[in-house]
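Position 9 (the sequence shown) corresponds to 9 in this note's numbering; numbering is contiguous. Just so it is clear, CB atoms sit at the ideal spot from N, CA and C, and this is done for glycine as well. Input: a single structure, listed below in structure tokens.
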Amino acid sequence: MKFFLDTANVAEIREAMSMGMVDGITTNPTLIAKEEREFREIIEDICAIVDGPISAEVIRTDADGMIQEARELAGIHENIVVKIPMLVDGLKAVRQLTAEGIKTNVTLIFSALQALMAAKAGATFVSPFVGRLDDLSQDGLVLVEQIVEIYSNYAFDTEIIVASVRNPLHVLDSALMGADIATIPFGVLKKLAAHPMTDKGLKAFLDDWDKAKK
Ligand code: E4P
Numbered sequence: 001m002k003f004f005l006d007t008a009n010v011a012e013i014r015e016a017m018s019m020g021m022v023d024g025i026t027t028n029p030t031l032i033a034k035e036e037r038e039f040r041e042i043i044e045d046i047c048a049i050v051d052g053p054i055s056a057e058v059i060r061t062d063a064d065g066m067i068q069e070a071r072e073l074a075g076i077h078e079n080i081v082v083k084i085p086m087l088v089d090g091l092k093a094v095r096q097l098t099a100e101g102i103k104t105n106v107t108l109i110f111s112a113l114q115a116l117m118a119a120k121a122g123a124t125f126v127s128p129f130v131g132r133l134d135d136l137s138q139d140g141l142v143l144v145e146q147i148v149e150i151y152s153n154y155a156f157d158t159e160i161i162v163a164s165v166r167n168p169l170h171v172l173d174s175a176l177m178g179a180d181i182a183t184i185p186f187g188v189l190k191k192l193a194a195h196p197m198t199d200k201g202l203k204a205f206l207d208d209w210d211k212a213k214k
């Protein structure tokens, strides 16, 4: 399973890179806005650090506007994946961009039928938002399970990026279902590595070592 980091923060990316845990990056307008830096500068910095797919999102919502923005974004670096919102116009844009060889990530996926349509349009990636569904008392992981099954039934090449990840169980269950990728906030990534029994066990080992040396 590939791990993407869901952030526009360069310090977080460097730290996660040093752990060997970054196969790609996803950003969105909210994550970019948090950084209070120029959009293009952030994307260029990320491209210089990470050798993997880097999602940058369009702002326009009409097909022509999205296509134009996508071409500009794709021109920044060969690893750029253009994030397109799941709209009818978004599907039109994905179809055209796919024909031009520009990689896309259809974002804000909340139903399996949306994911099916995005794959038929030729999307490189789709991003089902599990945490935001959980917030509405709908099981976000059921959506992931459905998309995995549909893509497997018809052998779509579109890869599934589990997005809006809020906790380690989202990552564990997605991995068990066979989702291709989880895009993980830095805070959750650190939690994946942690277990209180590891800390307790290590403390006991080190205490015993110290006692034996006295
Ligand atoms: C996905 O690409 C999005 O950036 C992200 O996962 C959204 O997560 P949120 O629901 O925590 O904002």
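Distance from the Cα of Met19 is smallest, within the candidate group Asp173, Thr26, Thr107, Phe4, for Phe4. With the rule of 3 Cβ pairs closer than 8 Å, the segment 19-34 does not count as touching the segment 201-212.
Within the chosen limit of 7 Å, ligand 1 does not reach the beta carbon of Ala70 with any heavy atom. Pairing Met66 with Gly90 gives a Cβ-Cβ distance under 8 Å. In this structure, Ile181 places its C-beta atom within 8 Å of the C-beta atom of Val162. A residue is called buried when at least 16 other Cβ atoms come within 10 angstroms of its Cβ; His195 does not meet this threshold and is exposed. Distances between the C-beta of Leu169 and the heavy atoms of ligand 1 are all 7 Å or more. 8 Å or more divides the Cβ of Val94 from the Cβ of Pro53. Counting along the chain, Ile109 sits inside the beta strand (DSSP E) bounded by residues 104-109.
With at least 16 other beta carbons inside 10 angstroms of its own, Lys83 counts as buried.
A residue is called buried once 16 or more other Cβ atoms fall within 10 Å of its Cβ, and Met1, having fewer, is exposed. For Arg132, the Cβ falls inside the 7 Å cut-off from some heavy atom of ligand 1.
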